[in-house]
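Chemist: So that we are looking at the same thing, I have put the structure below in structure tokens.
Protein chains: 2
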Amino acid sequence: MFPKATISRFPMYFRVLTEYNHQNIALVSSEEMARKVGVTSSQIRKDLSYFGSLGIRGAGYDVAYLLAKIKEILGMDKKRRLAIIGAGKLGLALAGYTGLKQHGLEVAALFDIDQSKWGTTSGQLTVFPLTALASQKEELGMEIAVLTVPGAVAQTVANMAVQAGFKALWNFAPVRLVVPKNVIVQYEDLVVGILTLSHHLARKFG
Amino acid sequence: MFPKATISRFPMYFRVLTEYNHQNIALVSSEEMARKVGVTSSQIRKDLSYFGSLGIRGAGYDVAYLLAKIKEILGMDKKRRLAIIGAGKLGLALAGYTGLKQHGLEVAALFDIDQSKWGTTSGQLTVFPLTALASQKEELGMEIAVLTVPGAVAQTVANMAVQAGFKALWNFAPVRLVVPKNVIVQYEDLVVGILTLSHHLARKFG
Chain A
1 MFPKATISRF PMYFRVLTEY NHQNIALVSS EEMARKVGVT SSQIRKDLSY FGSLGIRGAG
61 YDVAYLLAKI KEILGMDKKR RLAIIGAGKL GLALAGYTGL KQHGLEVAAL FDIDQSKWGT
121 TSGQLTVFPL TALASQKEEL GMEIAVLTVP GAVAQTVANM AVQAGFKALW NFAPVRLVVP
181 KNVIVQYEDL VVGILTLSHH LARKFG
Chain B
1 MFPKATISRF PMYFRVLTEY NHQNIALVSS EEMARKVGVT SSQIRKDLSY FGSLGIRGAG
61 YDVAYLLAKI KEILGMDKKR RLAIIGAGKL GLALAGYTGL KQHGLEVAAL FDIDQSKWGT
121 TSGQLTVFPL TALASQKEEL GMEIAVLTVP GAVAQTVANM AVQAGFKALW NFAPVRLVVP
181 KNVIVQYEDL VVGILTLSHH LARKFG
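Chains A and B are the protein sequences, given in the same order.
Counted from 1, the first sequence has number 121 at position 121 by the numbering used here; the numbering is strictly sequential.
Counted from 1, the second sequence has number 118 at position 118 by the numbering used here; the numbering is strictly sequential.
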């Protein structure tokens, strides 16, 4: 129903709409949103047209209604619990990332193969042995496995997560994963962003 | 010259081509690359066609030549030094991220407003006061400022980075930044990825 590119802009729309909501702004124009989000107003009108005709000509979009719709589309009306596998720096950074909770996502536990990390708590969280993945998934009701492990072991860890029953993986390791068809993988490659920046820098300033 | 979407795939191409190179594989087909990267082979042929006709029908692409070309396009033939502003968990995770060095990018120093962090070294790196940004930029030859600060102070920090002479910002704070026209900003929003995953999860499993 929604093109992937449109979906990718919804979190940004959600963010600015939340701001308007906090400021008690009830109606907002596509031009106003465009300025905040950094895309064209025609792009915004096109993206929001998938919800049917929400805009009131001359008045703008209903902020609260749009927020509710986007929340629904992004599955944010449902709370989701995350397991972070790999209690290294990146795993700990994600565990403390406030942006997740704001979007209905909660890190429930961390997992690591390194025995010296077990039991230590990061904030209020416990680090469990990797072998406890299946039992803790059940116990804590976790749905999404976040992979913050080195690339060399990512596939092995992904296999363990799949075996433990996870149907959604958020992969920060720089490798493509082979998973069964009913498992969803979202890749997060930090190097793509910085290389894009580096490319523009080279073109602009040499 | 290159569409943005094509540029965004180059780092992935670079990654698999580097692997082939390490395995002493000199020629590779678009089908083979497609399997590794996870896009269609026709997409790969289209993306690589921007380099002119590099493929040899029936033999495949010259791995070494393609690698050199992509390095050039991504500005990787030139080393770039990074300043990380915000020595919190995410800043420290990025400072230790090996993916950067593999791509010609080197974190030269960290900066923080919190006095208690100054001087402490993360790995071999020093945390400087934010006020030392301009002098250390000069001293260490840094070109890219990485913003790993809370959203509430991101614009202020961006202003300081621009004033210090940075022409490229890599922004992890979840806010749009207002910068002069000659400054490039690359946004990195971790929530977009997880919300995309959450959306697919909701559609597939409810």
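By construction, the Cβ of each residue, glycine as well, lies at the ideal position given by its N, Cα and C atoms.
Please check the pair glutamine 163 of chain A and leucine 177 of chain A, which I expect to be a contact at CB under 8 Å, by giving their CB distance rounded to whole angstroms.
Modeler: Here residue 163 of chain A is taken as the residue at index 163 of the first sequence, counted from 1. Here residue 177 of chain A is taken as the residue at index 177 of the first sequence, counted from 1. So it is not a contact: roughly 14 Å between Cβ atoms.
Chemist: For threonine 121 of chain B, does the count of other Cβ atoms within 10 angstroms reach 16, so buried, or fall short, so exposed?
Modeler: Along the second sequence, one-based indexing puts residue 121 of chain B at 121. Exposed, because fewer than 16 other Cβ atoms sit within 10 Å of the Cβ of threonine 121 of chain B.
Chemist: May I ask you to verify whether the stretch 100–109 of chain A touches the stretch 88–101 of chain B, counting CB pairs closer than 8 Å and requiring at least 3?
Modeler: By the Cβ criterion, the stretch 100–109 of chain A is not in contact with the stretch 88–101 of chain B, since fewer than three pairs of Cβ atoms, one from each stretch, lie closer than 8 Å.
Chemist: Quick test of your reading: glycine 86 of chain A and lysine 89 of chain B, contact by CB under 8 Å. State the CB separation rounded to the nearest angstrom.
Modeler: Position 86 of the first sequence, counting from 1, holds the residue named residue 86 of chain A. Position 89 of the second sequence, counting from 1, holds the residue named residue 89 of chain B. 14 Å between Cβ atoms; not a contact.
Chemist: Can you check whether the CB of leucine 67 of chain A is closer than 8 Å to the CB of threonine 18 of chain A?
Modeler: Here residue 18 of chain A is taken as the residue at index 18 of the first sequence, counted from 1. Here residue 67 of chain A is taken as the residue at index 67 of the first sequence, counted from 1. Yes, the pair counts as a contact, with Cβ atoms nearer than the cut-off.
Chemist: Do isoleucine 7 of chain B and serine 30 of chain B count as a contact pair if the criterion is CB distance below 8 Å?
Modeler: Reading the second sequence from its first residue, position 30 is the one you call residue 30 of chain B. Reading the second sequence from its first residue, position 7 is the one you call residue 7 of chain B. Cβ atoms of serine 30 of chain B and isoleucine 7 of chain B: not closer than 8 Å.
Chemist: Please report the distance separating the alpha-carbon of leucine 201 of chain B from that of leucine 195 of chain B.
Modeler: Working through the second sequence from its first residue, we reach residue 201 of chain B at position 201. Working through the second sequence from its first residue, we reach residue 195 of chain B at position 195. Answer to the nearest angstrom: the Cα atoms are 10 Å apart.
Chemist: For proline 11 of chain A, which of helix, strand or coil comes out of DSSP?
Modeler: For the purposes of this step, residue 11 of chain A is taken as the residue at position 11 of the first sequence. Here proline 11 of chain A sits in helix by DSSP.
Chemist: Show which residues of chain B have a CB atom less than 8 Å away from the CB atom of alanine 108 of chain A.
Modeler: Counting from one through the first sequence, the residue named residue 108 of chain A turns up at place 108. In chain order: nothing, as chain B lies at least about 14 Å away.
Chemist: Could you tell me whether any Cβ in chain B is nearer than 8 Å to the Cβ of glutamate 138 of chain A?
Modeler: Here residue 138 of chain A refers to the residue found at position 138 of the first sequence. False, the Cβ-Cβ gap to chain B never drops below 8 Å.
Chemist: Any residues in the stretch 65–82 of chain A with a beta carbon nearer than 9 Å to a beta carbon of chain B? Which ones, in chain order?
Modeler: Glu72, Ile73, Leu74, Gly75, Met76, Asp77, Lys78, Arg80, Leu82
Chemist: For valine 191 of chain A and chain B, any beta-carbon pair shorter than 8 Å?
Modeler: Here residue 191 of chain A corresponds to residue number 191 of the first sequence, with the count starting at 1. Chain B, which has a Cβ nearer than 8 Å to the Cβ of valine 191 of chain A, makes this yes.
Chemist: Have a look at A:Ala168, A:Leu140, A:Glu138, A:Trp118 and flag the residue whose alpha-carbon is nearest the alpha-carbon of phenylalanine 205 of chain B.
Modeler: Walking along the second sequence from the start, residue 205 of chain B turns up at place 205. When each option's Cα is compared against that of phenylalanine 205 of chain B, the closest is A:Ala168.
Chemist: Pull up the distance between the alpha-carbon of valine 157 of chain A and that of lysine 79 of chain A, whole angstroms please.
Modeler: Within the first sequence, the letter at position 157 stands for residue 157 of chain A. Within the first sequence, the letter at position 79 stands for residue 79 of chain A. Approximately 24 Å between the Cα atoms of the pair.
Chemist: Taking buried to mean at least 16 other C-beta atoms within 10 Å of its own C-beta, is proline 11 of chain B buried or exposed?
Modeler: In the second sequence, residue 11 of chain B corresponds to position 11, counting from 1. Buried is the call here.
Chemist: Exposed or buried, lysine 137 of chain A, counting other C-beta atoms within 10 Å across all chains shown (16 or more means buried)?
Modeler: Translated into positions along the first sequence, residue 137 of chain A becomes position 137. With 16 or more Cβ atoms within 10 Å of its Cβ, lysine 137 of chain A is classed as buried.
Chemist: Using a Cβ cut-off of 8 Å, which residues of the stretch 26–57 of chain B contact any Cβ in chain A, in chain order?
Modeler: Lys36, Val37, Gly38
Chemist: Helix, strand or coil: how does DSSP classify leucine 177 of chain A here?
Modeler: Working through the first sequence from its first residue, we reach residue 177 of chain A at position 177. It is coil, neither helix nor strand.
Chemist: Which residue comes first and which comes last in the beta strand (DSSP E) that contains glutamate 106 of chain A?
Modeler: Locating residue 106 of chain A in the first sequence gives position 106, counting from the first residue. Here the beta strand (DSSP E) through glutamate 106 of chain A covers 105–112.
Chemist: Does chain B have any CB closer than 8 Å to the CB of proline 11 of chain A?
Modeler: Walking along the first sequence from the start, residue 11 of chain A turns up at place 11. Yes, proline 11 of chain A counts as interfacial toward chain B.
Chemist: Just to make sure I have the definition right: I need the residues of chain A whose C-beta is within less than 9 Å of the C-beta of tryptophan 170 of chain B. Which are they?
Modeler: Along the second sequence, read from residue 1 onward, the residue named residue 170 of chain B stands at position 170. Going along chain A in sequence order, the residues near tryptophan 170 of chain B (Cβ under 9 Å) are Gly193, Ile194, Leu197.
Chemist: How is valine 149 of chain B classed by DSSP in three states: helix, strand or coil?
Modeler: In the second sequence, the residue the question calls residue 149 of chain B occupies position 149. Correct three-state label for valine 149 of chain B: coil.
Chemist: Hey, would you say leucine 140 of chain B sits closer than 8 Å to alanine 109 of chain B, going by beta carbons?
Modeler: Mapped onto the second sequence, residue 140 of chain B falls at position 140. Mapped onto the second sequence, residue 109 of chain B falls at position 109. Yes, the pair counts as a contact, with Cβ atoms nearer than the cut-off.
Chemist: Rounded to whole angstroms, what is the Cα-Cα separation between leucine 74 of chain A and valine 191 of chain B?
Modeler: In the first sequence, counting from the first residue as 1, residue 74 of chain A sits at position 74. In the second sequence, counting from the first residue as 1, residue 191 of chain B sits at position 191. Cα-Cα distance, rounded: 11 Å.
Chemist: In chain A, which residues lie less than 8 Å from alanine 93 of chain B when you measure between Cβ atoms?
Modeler: For the purposes of this step, residue 93 of chain B is taken as residue 93 along the second sequence, with counting starting at 1. Gly88, Lys89, Leu90, Leu92, Ala93, listed in chain order.
Chemist: Less than 7 Å between C-beta atoms, sequence neighbours within five positions excluded: which residues of the same chain meet that for valine 28 of chain B?
Modeler: Taking the second sequence and counting its residues from 1, one reaches residue 28 of chain B at position 28. Tyr20, Gly60, Tyr61, Val63, listed in sequence order.
Chemist: Could you give the DSSP three-state label for glutamine 124 of chain B: helix, strand or coil?
Modeler: On the second sequence, residue 124 of chain B is found 124 positions in, with the first residue counted as 1. Three-state DSSP puts glutamine 124 of chain B in coil, outside helix and strand.
Chemist: Considering just the uninterrupted stretch of the alpha helix (DSSP H) at isoleucine 25 of chain A, what are its terminal residues?
Modeler: Along the first sequence, one-based indexing puts residue 25 of chain A at 25. Element bounds for isoleucine 25 of chain A: n/a, residue is neither H nor E.
Chemist: Among A:Tyr65, A:Gln23, A:Lys36, A:Gly91, whose alpha-carbon lies nearest the alpha-carbon of leucine 125 of chain A?
Modeler: As a first step, residue 125 of chain A must be located in the first sequence, where it is residue number 125. When each option's Cα is compared against that of leucine 125 of chain A, the closest is A:Gly91.
Chemist: Rounded to whole angstroms, what is the Cα-Cα separation between phenylalanine 51 of chain B and valine 149 of chain B?
Modeler: The sequence position of residue 51 of chain B within the second sequence is 51, counting from 1. The sequence position of residue 149 of chain B within the second sequence is 149, counting from 1. One C-alpha to the other measures close to 39 Å.
Chemist: Which of helix, strand or coil does DSSP assign to tyrosine 61 of chain B?
Modeler: Here residue 61 of chain B refers to the residue found at position 61 when the second sequence is read from its first residue. DSSP places tyrosine 61 of chain B in strand when its eight states are reduced to three.
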